[in-house]
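Student:
In my numbering, the protein residues as written are 16 to 549.
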């Protein structure tokens, strides 16, 4: 058997064969006559084997080709197809729109192949995970298992996270897709220079010009996503698949990261499957969207999951939910999400930048800041699309800005474990009715470094009543605050460019012509609710 460096790197089970026959650029005709291209990795085994279907807009070359070969060596046909309008597939790529029809047409084609034995498996992260949901409800009993990784069944809600616009994610992804069509040398130079065109695009006002600044061309879907700012509109309903989840009967493995851009909506998919009577399996690790650890763990778990559901020797773990607990640096297994035994505990912002379990007087002005959209509060770490700027970061430089407030507890007498959803209620008196509230939970260590645990944003529209709190849904978390360390809550007016800046005028997305500063006073009663684990 040939050397297996990829399998060893990914900690896959032992290969069943070293020989894999690869057939490239296979044409598959869709119902409208468009030809999509795919590669087939067939293991040299004297037995029928199940088929792993991967549909991707990111091409079929390395490193994904190395993964396809390694998975095929474990006893699977691997069939990887380029989505419509990408790589050498025909047609026009309009994100999200035709993945259901193209996926089902591709399944019809598979049914006619002599090597297809009627056992279908689907795999992939991000957009490659979204296309799994596109066909899952209608694939029938052939679909034996799915492995959905850092993804969601509907991209509408994550696009308008907190009611703002996920500018960094959408524009960075637009630049990535555009780069795939460009010359490799030009793209390499742009990357080595730190992507200056993308940085100029992210800073552009109004946002409607950001795509042209970044790529030199107007991107149709970017412009449409600025215009379709309601994730419940017919536009997004037609392109999403959350409404199909109750009809998905295949076993589902979901793998996410605490610093992933899709995590809240991936957990919403988990909840929808549970409500429909299904039992998906869920793993959440200390990862962001492009973590190397995520790539390794998801490949290993997916192969084991597929083998367990197609007659292999692997056993499925007893408890369906497995999460990594930050601070404790360990894994915890549980029966469900959210964990049924976690209890809510409120911590209140108080005078003198204090954070305690005692609320301040109602209406008392605790602190104030001015958010200026001409100099927007920057995003530091957290859930970002690009790994080198994502994840856990020291927040001291951010917290030194005058537009960032912090409220900090006394050193903890004993460890505090939190596992589950987190939200804040912020009482605000603002000089304008249109503004954002960004809340971040941090842990302050013995060297006074402030490390972000999780965060979230809420966009206030025509908010005039300071007695009505603004609810901010933070990313969920699993973290141990170590004894002697302190809990810190940041409050600011944004995190740009992760969230689009609020112009202060109520102008529609893409029409930020006038930028107006807003003063926010944070009032007594402001709190964060933590899910304390026993």
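Glycine is no exception: its CB is placed at the ideal position from the N, C-alpha and C atoms.
Are there 16 or more other CB atoms within 10 angstroms of the CB of residue 350, so buried, or fewer, so exposed?
Tutor: So residue 350 counts as exposed.
Student: Among the candidates 541, 29, 314, 179, whose CA atom is the shortest distance from the CA of residue 476?
Tutor: Looking at the Cα atoms, 179 is the closest of the given residues.
Student: Straight-line CA distance for residue 493 to residue 470?
Tutor: Going by the C-alpha atoms only, they are around 13 Å apart.
Student: Just confirm the distance between the C-beta atoms of residue 175 and residue 246, as a whole number of angstroms; I'd bet it's less than 8 Å.
Tutor: Contact flag correct, Cβ pair sits at about 5 Å.
Student: Whose C-beta lies closer than 7 Å to the C-beta of residue 414 among residues of the same chain, with five residues either side of it excluded?
Tutor: If we look at residue 414 and ignore the five residues flanking it on each side, its Cβ neighbours are 421, 465, 505.
Student: Going by DSSP, what residues sit across from residue 135 in a beta bridge?
Tutor: Looking at the DSSP assignment, residue 135 forms a beta bridge with 66, 158.
Student: Below 8 Å, can you find three or more Cβ-Cβ pairs linking the stretch 210-222 to the stretch 524-535?
Tutor: Verdict: yes, contact present.
Student: How is the beta strand (DSSP E) around residue 466 delimited, first residue to last?
Tutor: Where residue 466 is concerned, the enclosing beta strand (DSSP E) stretches over 465-475.
Student: To which residues of the same chain is residue 536 closer than 6 Å at the C-beta, ignoring the five residues directly before and after it?
Tutor: Within the same chain, residue 536 has close Cβ partners 380, 383, 444.
Student: Given this structure, state the Cα-to-Cα distance separating residue 85 from residue 68, to the nearest angstrom.
Tutor: Going from the Cα of residue 85 to the Cα of residue 68 covers about 14 Å.
Student: So, using beta-carbon positions, are residue 516 and residue 447 closer together than 8 Å?
Tutor: Against a cut-off of 8 Å, the Cβ pair of residue 447 and residue 516 comes out as no contact.
Student: Which runs of the beta strand (DSSP E) spanning at least 3 residues fall entirely within the stretch 279-320, listed in chain order?
Tutor: Entirely contained in the stretch 279-320, the beta strand (DSSP E) runs reaching 3 residues are, in chain order, 296-303.
Student: How should residue 126 be labelled, buried or exposed, when 16 other C-beta atoms within 10 angstroms of its C-beta is the threshold for buried?
Tutor: When all chains shown are included, residue 126 counts as exposed.
Student: For residue 16, name the three-state secondary structure that DSSP assigns.
Tutor: Since pLDDT at residue 16 reaches only 48, below the 50 mark, its modelled position is unreliable, and no value is offered.
Student: Is the distance from the Cβ of residue 97 to the Cβ of residue 71 below 8 Å?
Tutor: It is a contact, given that the beta carbons lie within the stated cut-off.
Student: Taking the straight line between their C-alpha atoms, what separation do you get for residue 90 and residue 64?
Tutor: About 6 Å.
Student: Name the DSSP bridge partner or partners of residue 58?
Tutor: Answer is 35, bridged to residue 58.
Student: Might you give, ordered along the chain, the residues of its own chain that have their beta carbon closer than 7 Å to the beta carbon of residue 184, omitting 5 neighbours on each side?
Tutor: 276, 400.
Student: Starting from the Cα of residue 390, find the closest Cα among 495, 508, 316, 19 and give me that residue.
Tutor: It is 508 whose Cα lies nearest to the Cα of residue 390.
Student: When the Cα of residue 197 is compared with those of 101, 324, 398, which residue comes out closest?
Tutor: Selected option, being the one with the closest Cα: 101.
Student: In angstroms with no decimal places, state the Cα-to-Cα distance between residue 317 and residue 271.
Tutor: Roughly 13 Å separates the two Cα atoms.
Student: Taking the alpha-carbon of residue 513 as reference, which of 121, 137, 188 has the nearest alpha-carbon?
Tutor: Selected option, being the one with the closest Cα: 188.
Student: By alpha-carbon positions, which one of 542, 73, 139 ends up nearest to residue 377?
Tutor: Checking every option, the nearest Cα to that of residue 377 belongs to 542.
Student: Which stretch, first to last residue, makes up the beta strand (DSSP E) that contains residue 264?
Tutor: Where residue 264 is concerned, there is no enclosing beta strand (DSSP E), given that its DSSP letter is neither H nor E.
Student: Among all the DSSP beta bridges, which residues are the ones paired with residue 86?
Tutor: According to DSSP, residue 86 bridges with nothing at all.
Student: When you compare each of 498, 488, 438, 484 to residue 460 by their alpha carbons, which one comes out closest?
Tutor: Measuring from the Cα of residue 460, the nearest candidate turns out to be 498.
Student: Might you give, ordered along the chain, the residues of its own chain that have their beta carbon closer than 7 Å to the beta carbon of residue 282, omitting 5 neighbours on each side?
Tutor: Around residue 282: 352, 491.
Student: May I ask you to report which of helix, strand or coil DSSP gives residue 528?
Tutor: It is coil, neither helix nor strand.
Student: At the level of alpha carbons, what is the spacing between residue 263 and residue 356?
Tutor: For residue 263 and residue 356, the distance between alpha carbons rounds to 28 Å.
Student: Looking at the structure shown, is residue 189 part of a helix, part of a strand, or coil, going by DSSP?
Tutor: Reduced to three states, the DSSP call for residue 189 is helix.
Student: When you compare the stretch 45-54 with the stretch 17-31, are there three or more beta-carbon pairs, one atom per stretch, that lie closer than 8 Å?
Tutor: Flag = no, the stretch 45-54 and the stretch 17-31 do not touch.
Student: Please state whether the Cβ-Cβ distance between residue 438 and residue 488 is less than 8 Å.
Tutor: Cβ distance < 8 Å, so residue 438 and residue 488 count as in contact.
Student: Under the three-state reduction of DSSP, which class applies to residue 178: helix, strand or coil?
Tutor: Looking at residue 178 - three-state DSSP - the assignment turns out to be helix.
Student: If you draw a straight line from the alpha carbon of residue 449 to that of residue 346, how long is it in whole angstroms?
Tutor: Distance between the alpha carbons of residue 449 and residue 346 is about 42 Å.
Student: Taking contact to mean 3 or more Cβ pairs, one atom from each stretch, closer than 8 Å, check whether the stretch 230-241 and the stretch 115-132 are in contact.
Tutor: No contact exists between the stretch 230-241 and the stretch 115-132.
Student: Please determine, among 103, 463, 135, 123, the residue with the shortest C-alpha to C-alpha distance to residue 325.
Tutor: Out of 103, 463, 135, 123, 135 has the C-alpha closest to the C-alpha of residue 325.
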